[in-house]
Every structure is written in structure tokens, then in C-alpha cells.
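Residue numbers (the numbering used here), protein chains in the order written: chain A, 215 to 521; chain B, 494 to 1163.
Read the structure below first, then the notes.
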């Protein structure tokens, strides 16, 4: 497990070009919205000075009056942002194939080969996504509908609102954990599809589920380990954003730079997750490099080592 | 004998000392108010049936010059009897988030008089009639009139012995029960106010006794309340006034006695699980009845109450009572929270509420503040709700901003913050139709959804505007004068305006004039909005004069004139878009760093200010010092010929960042 963790980190550290490519893609998509937003905001503010107090912090009155008078023209950006995010989800599915192919086959990043691998696995990963995403949505229904019913019935008898709060938090925590497990299983399914050169989404998903439960401690252990760095990253960013306010060009540039580094690191973390998971499943299934290309895996048959 | 006399004298001195050592309900030995309506009550609460059986001895003084042939009473809790009451028809049951389940009979409430006798023992119950002075709703049972066998002569008193029964409703609006929690308000037959000619709007003597409306609160005369409450001994009780005695009975109940003097109402609460916190502030004994899971926040409750006491005493007037009780209802009775009664009020809290969200402080300060406006000035909340809610909200914003920061007093979490006054202003300026109704409307006549925004938010906004126009010192003088002159006297809006005008007459302000009728006519009695706009800045370089200028017909091309110094004519156009006209300031900033402050009476539609200077006007602001928070749109109050784009860059970079995060978040779905 620790080996998989560190190996995953090592391979991620050598994947700078790929990460940068993915980051630039995210940036480009975001700029497609942000640039028109800039122009719209500029036209909305026009020559008014009423928003200047917003430069050095937050000012509710300035913000509120502005939104009331100009909010309508900015409102369309919200659904556009959501649609672009959904579009990015599809691109993310597309890129997953290339990412796992590069890690699993220990290739050097070449844009042409990367995109070729992405295209190669896209439809099968899309089929897998059409299994995983509905499961995620179903999980929301399974958890929250009964949770709401429980809360409603508790509200007639619970002595304090703290009881209601803890019940809700427990339900939400259960959802978060289960949702995380589904994501992990999906990752392993993707890795198995690349390893097996298989297009069978449902079979790979089923194999991944079996793998998850057979090796549950190591899988969850690795997942928890991997969560440490993003947690530290988020805390660090929040501390930074509280301590530095934009009051000059230099501070503005620093803030923007730090924000973009944060985005780059988020992608770094995603690669790290996939890399570590690839090495874990490879090790636990005892796959040798030269064997990988020829044999299909069968979890019951293969021996397991401690990775 | 001598020794007996001596001992008697000693005993008398001891008793006298003991009596003076016992707390009194007010700080004065003398009556503070006319004490027109006085109640002595003995009541018993049955927590299982939710019924109160009570006897009430009402002593009512006729201070008018009229012979009173009938009395009128409020029977407020009949508003919860069925869906045909005026309160229900107006949607009052929905306003605090709860509702009475139609199938559950225990949820409904009512009040009835079992017997009403005068001093002669004559039964008056058969003389009781329900009346509907506001809307002719024959099904409404919240006002009765009683024809008297013996009229009450001017200057004399009537004493009535009333046996009544109250069934408490499930708490949907202020009063009733929720599970084993009781907040008992407007629960007894309460006599209306007989207004004499010249009092408030009365041109002749008449009863002012309105039905219970969804949006109305209450109005009553001052008096003394001597109330004995019997209930199971496990219940912890809090009430208006001073707890003078508690007696344990042999049947598992206890009887608690409360005495309140010079108050307009009496409310009480009973709950087994309160945690009681008591402390002293100067002459005021503070008692806080808190929920056990809110106890850890007791400093927030007590601290904010003490802040309010300090601020009101310093800036408005002395709180004349010796007690105040703060009640924290449980989450399942939140419809009883946020309400005021003399020396007794309910606040609002939720477990886990962070320090950055000042809900506890805001509600505590606001509800305590009502003691001054509802309780001591005792304005008519039916007819002039703004004088209570609006004035109190104005003081709430002052106190909250003073103690917790102008920009952070309401909410300060995660980099997002706003102050109390900012929130109140937004409540008014954010109305879909700020012209919906004049502030000075009867409470039930506001269009739906506008009562709160107009009486609370708009009033607080124009009060703050008034303060900024006349200055804080003058505003404090106005309010202190108003309070001292009119406490215990039920003033009207006109009485308040007269106080303002009296002080402004002395001040004789150059821009505002010597009275403020023009201000109140617009913001209080009118529906117009205030909106000034900085329309345009035009800068023209002044051309040197050329041509023929005198009889000599000689051509002048200004070689002789010092032409090295350029001059510009800057014209600043200020427009009035709204109907409200208020004197306004305009600040113009020039390229050489100089500034000019101009004043305009705000009356015309457009005013142009011209400046001839060697430098150009760069930017200009209408109302640069925010004296007109009632201006509904500040985005059009300024123009900069050299606009800065830094704010745009900042928020665009934020949008970019959050868009990127959103995309990456969506990608975690797979």
C-alpha cells in the first residue's frame, strides 16, 4: 500500500507535461466563459464608482445594489457555467483513458499518443460512466429520502435540534463515504479495462467491485492516505485566502498565481490517485510487466502479495 | 406598657425596613403612568388539557369626560379558534412557519367568558356581543362589547369580576403550547383603549379596539398587574414583572405571584427544562430562561441584553423597571420566539450557531428594545406599527453596529459579511415595489408581503437618513425629547413629528429648514422613492476668444492674452429620478487633486454644476458621505471619466477560479 502510494507519487511527479496539458485545457474552457464575463461586467459597471469598495474586501451594500440593478445580465453565466462543467465531465472521461494508459504502460507523454489512447478508450469509459453516474444518483435517493423521513419524524419528538443535526450529519457522512467507494471502484474498473485491453464496461466494473471487497483494507487504506494531501491543500488555500487581500496589482497577481497553482495541484492529485491505484491493483494481482500484455486477469486464480 | 410600645415600634421599624428592602417592580415609589386598566388575576393552568381557568378583577378608570355606557375587550386567542377568523383569513397562521393541523382539535385555541359581574353582582355576560370594527367579518371573535347596566361616569371607576377560560392553541404565532412548552400571551380578556378627543386621531371620545389581524400587534392602556398562577410544581415560570411569592401547594402544584406596575400587558412562560441564569445590571434584575442545549451560549444572551440596556439608558432614556426576563424557546416552539412584552421577551437561538452569525444578539437587542417603544411609549401598533417596529429597528441597527461593527454586525463568516443596517436598508431597497404603500398605513392594510419591509426596513432606513441629515447629536436630542415627553402617553406620528419640528425650529438649519414636514410628507406619508443619479460629466476645453470685439473693428487673436494657461469647463449633470426630493451634496474631483463640494436642494429634475478651472473634472459623486441611505440605487450615484478596472479583474479572476473548481468537481463524479 505504501509502495503504491509512493510509486504513484513518483510517476505523477514525472507527468508534469500531461498535467500541464490537462490544466491548460481546464483553463481554456474556463476562459471561454470568463472573458465574456469580464466584458459583460465591464459594461454593467460602466463608469460607476459604486463597486470600488469591493476591491479591498467585501462590501455588502455595494454588492447588493449592483446585483439588484445589473444582476439580470450576469445571471445567464450561472447556467452556462454548469453546462460547461458537464461538458468538462465528458472531456474528463475522454482523458481518463490516456492518463491510465500512460501510467500503466509507463509511457512518456506525447500529445499525439495520449490523445490516441484517450480516443481508444473513450466509448468504453463512457459506457462505464453511464453505469457509475446513475449509481451515484441512486445513492443520493437511497440515503437522503429515508434520511429526510427520519428527520421529519424525529422533529415531532426530538428534544433538541442538536439531535436532528447529528442525524443529518451522520447520513451525509455515510453518503460521502459510500460515494467515495463508488468512485474508487470506478477507478479500478478503468484500470482493469486498460490492463485487459477490454471494452467490457460492466464486466470490468463487476471485477472492480470484487477486487474492492477482497482487498478492502488495502484499497480503503490507500484511499485514506491519498486524501491527506488534498485535505492539506484545501486548508492551506483557505488560510492563504484569509490572510491575503487584493489591494494592488502585485497582490492581485499573487492571488491569481496561487489560485492557478491550486488548480494545477488538483489535477496533480487526480493523477496521483490513478497512479497509486494502478500500482496497487498491479501489485496485489501479482501482475508482471511482461505478462500484462498477454493475459487476462482472474482475481480468484492469481496469488496475492502484500504490495 | 412602655416595653410593649417600644417593641411595637421596633417591630414597625423592622417591618418598614423589610418592606423597603423588598424589590419593587419599578424604580419609582410613585405611579409612572395613568394606571387606567388594572388587573388582579388568579389563574390555573392544566398542562394536559392546555386550558387556563382564571378569575380576573378588572379595575378600569374612566379618565375621560365622557359617560361610558359600554366597554370593549380584546379576546385575542379566538383568532386561533377556526379558519374563519380574520387572523386566519389574512394568512396569519403561515407567517411564522407553523400551521395548525385541521384534524387535531387540541391544536385550536379560544377564550371565553364564563361570567362577568359588576360590583353589585349583576351578571353582564348576556350583554356581551362580538363586534367587527375593521372588516365586518361576522365570524371573527376577537373583539367584544359589553353594555353596562350602570354607565361609568367621568372620573370614576368600574370594577368587574370576570371568570374566563382560555384554551391555548398550538403555537403558530406567538402564544400557546408546543409539546410541554408554554408561552402564554394575549390570554385574558383585555380591555381596549378609550381615546378622548385630541388623543391620537380621536375627534370624539371612542373605543380604539381593533380585531386581531395577521399583521397587527397590540395596543392597551397602562396599569398594574397582580397575577397568581397555579400549575404543576415541576414547571419553571417566567413572567412580566416581579416574582413576589412562590408557594408550594399540597396537591403537587405551586402558586407563583407576579406584580407588574405601569405596564400595558402581562405574558408568561412555563417549561420544565429551562436553565435559569440570573444577574444584575444596575437597578435591573436580569433573568434568562434558556434551553439546556443553548446554555453554553449564555454569555451571548446576557451580553447582548446588557449592551442594549447600556445603550438605551445612555441614548434614549432610563429603563424604569427593576426586572427583565429573557426567554429562549425550544426549536419546536420557534413560532413563539422574537416577541416582546413588558419586561419580558422571547429571543431566538439554535444550537451550534456560530459567533459570526449574530442571530441571538440581534433578536435579543431588538425584542428588548420594544420595551421602550411598545412598552413605555406604547404607541398603537394596529394603526401606526412603524412607530414601534420601525423606531425599534432603527435602534437595533445602532446598537448592533456600535457593538459588533458596521459591516459585520449581522454576519461575518468565510469572508462574506454584512452589518445590521445594511441588511435593513436592503430589505427596503430590495422590494419588488418600494412604492407599494405608505409607511403610515394601518397594519392590516399593507399589500401582502410588504408589512415587514415597510414598517421595519423602510422606517429604519428613513430614520437613519434623518439622523445623517440632522446629525447624530440632534437626532439623539430629538429621540430623548420625544421619549421623555411622551412615555406612558400613547403618542402618534404627528406627536413625534412635532418634537422633530420643535428642535429643528431651534436649530434653523440652512439646508433643511426650520421644520421637517417636507421630509415626513414624502418618506412617511408618501410612497415615492429617492433616487439621485450622477448623469454626466462633460469637459470642454475653453477656447481662447477670437474675432472682433470692439468698435475699433480690429482683429483679436489673443496674442496679448496670456494663453499659456489652459482652462476647462467641467459640467456635472445631476438628475433626480425618484419622486422624493431631499437636499443632496455633490462632490467633484479634479485632475489636479482639488475637490469641490456642492449642495443642491434636490427639487428639480436636473441640476448642472459648471466649473471653470485649469484642471478637468475627473469624477463626481452624488451624496458622497452617504447621508441618504434611502436612495434606492447607489450604483448610479457616481461617474469616473477614468474608470478603474481593478474590481472587474478581481471578480473575473474569482469567476475563473470557481469555474475551474466547478469543472474539476464535476469530473470527480467519474
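Ideal Cβ placement from N, Cα and C applies to all residues, glycine included.
Remember, it's a predicted structure, so these values are computed and weren't measured experimentally.
Would you identify the three-state DSSP class for residue i, choosing helix, strand or coil?
i: residue 534 of chain B; result: strand
i: residue 1018 of chain B; result: coil
i: residue 650 of chain B; result: strand
i: residue 1112 of chain B; result: strand
i: residue 445 of chain B; result: The requested residue 445 of chain B is not part of the displayed model; chain B covers only 494 to 1163.
i: residue 576 of chain B; result: coil
i: residue 477 of chain A; result: helix
i: residue 272 of chain A; result: coil
i: residue 1056 of chain B; result: Residue placement at residue 1056 of chain B cannot be trusted, given a pLDDT of 49 that sits under 50; the coordinates are not used to answer.
i: residue 350 of chain A; result: helix
i: residue 857 of chain B; result: helix
i: residue 323 of chain A; result: coil
i: residue 791 of chain B; result: helix
i: residue 723 of chain B; result: strand
i: residue 215 of chain A; result: coil
i: residue 813 of chain B; result: coil
i: residue 928 of chain B; result: coil
i: residue 832 of chain B; result: strand
i: residue 671 of chain B; result: strand
i: residue 848 of chain B; result: coil
i: residue 917 of chain B; result: helix
i: residue 317 of chain A; result: helix
i: residue 867 of chain B; result: helix
i: residue 823 of chain B; result: coil
i: residue 600 of chain B; result: helix
Leaving out five residues on either side along the sequence, give the residues of the same chain with a beta carbon under 7 Å from the beta carbon of residue i.
i: residue 712 of chain B; result: 686, 701, 873, 874, 875
i: residue 901 of chain B; result: 910, 912
i: residue 935 of chain B; result: 875, 876
i: residue 602 of chain B; result: 570, 573, 574, 660, 661, 662, 669
i: residue 364 of chain A; result: 381
i: residue 490 of chain B; result: Absent from the model: residue 490 of chain B. The displayed extent of chain B is 494 to 1163, so no value can be given.
Assuming residue i and residue j form a contact by the criterion Cβ under 8 Å, report the distance between their Cβ atoms to the nearest whole angstrom.
i: residue 1019 of chain B; j: residue 1122 of chain B; result: Rounded, the Cβ-Cβ distance is 17 Å, inconsistent with contact.
i: residue 1197 of chain B; j: residue 527 of chain B; result: As displayed, chain B neither begins before 494 nor continues past 1163, which places residue 1197 of chain B out of reach and without an answer.
i: residue 466 of chain A; j: residue 937 of chain B; result: That pair is no contact at about 53 Å.
i: residue 636 of chain B; j: residue 586 of chain B; result: About 19 Å; that fails the 8 Å criterion.
i: residue 374 of chain A; j: residue 824 of chain B; result: 7 Å
i: residue 858 of chain B; j: residue 797 of chain B; result: 5 Å
i: residue 478 of chain A; j: residue 237 of chain A; result: 5 Å
i: residue 280 of chain A; j: residue 247 of chain A; result: The pair is not a contact, with the Cβ atoms about 20 Å apart (cut-off 8 Å).
i: residue 756 of chain B; j: residue 836 of chain B; result: 7 Å
Looking only at its chain, what residues have a beta carbon closer than 6 Å to the beta carbon of residue i, apart from the 5 residues adjacent to it on each side?
i: residue 554 of chain B; result: 529, 650
i: residue 1064 of chain B; result: 1031, 1101, 1103
i: residue 856 of chain B; result: 831, 840, 841
i: residue 737 of chain B; result: 750, 752
i: residue 312 of chain A; result: 328, 331, 332
i: residue 646 of chain B; result: 560
i: residue 721 of chain B; result: 535, 748, 750
By Cβ distance below 8 Å, which residues in the same chain neighbour residue i in space, the five residues on each side in sequence not counted?
i: residue 396 of chain A; result: 346, 349, 350, 353
i: residue 1135 of chain B; result: 1111, 1112
i: residue 1052 of chain B; result: Here the model assigns residue 1052 of chain B a pLDDT of 49, short of 50, so the residue's position is not dependable, and the following value carries that caveat. Cβ neighbours of residue 1052 of chain B beyond the five flanking positions: none.
i: residue 970 of chain B; result: 996
i: residue 692 of chain B; result: 983
i: residue 419 of chain A; result: 342, 345, 346, 399, 400, 403
Closest Cβ-Cβ distance between residue i and chain D: below 8 Å?
i: residue 853 of chain B; result: Although the question refers to chain D, the structure presented lacks it and instead comprises the protein chains A and B.
- Query: Where are the alpha helix (DSSP H) runs, 4 residues long or more, that stay fully inside the stretch 374-458 of chain A, in chain order?
  - Reply: 375-409, 415-428, 430-457
- Should the stretch 610-617 of chain B be regarded as contacting the stretch 638-646 of chain B, the criterion being three or more beta carbon pairs within less than 8 Å? yes
- Message: Taking 8 Å as the cut-off, does the stretch 254-267 of chain A touch the stretch 1125-1143 of chain B (at least 3 CB pairs, one atom from each stretch)?
- Response: yes
- Query: Are there three or more Cβ pairs, one per stretch, closer than 8 Å when the stretch 664-677 of chain B is compared with the stretch 954-968 of chain B?
  - Reply: no
- Message: Taking contact to mean 3 or more Cβ pairs, one atom from each stretch, closer than 8 Å, check whether the stretch 757-769 of chain B and the stretch 779-794 of chain B are in contact.
- Response: yes
- Task: Count the CB pairs spanning the stretch 881-894 of chain B and the stretch 948-962 of chain B that are closer than 8 Å, and state whether there are at least three.
- Result: yes
- Query: Is the number of C-beta pairs between the stretch 1066-1084 of chain B and the stretch 1034-1044 of chain B that are closer than 8 Å three or more?
  - Reply: no
- Would you call the stretch 363-377 of chain A and the stretch 289-302 of chain A in contact, with 3 or more CB pairs under 8 Å? no
- Message: When you compare the stretch 720-728 of chain B with the stretch 739-756 of chain B, are there three or more beta-carbon pairs, one atom per stretch, that lie closer than 8 Å?
- Response: yes
- Message: I'd like the ranges of any beta strand (DSSP E) spanning at least 3 consecutive residues and lying wholly in the stretch 1082-1153 of chain B.
- Response: 1088-1093, 1099-1106, 1110-1115, 1131-1133
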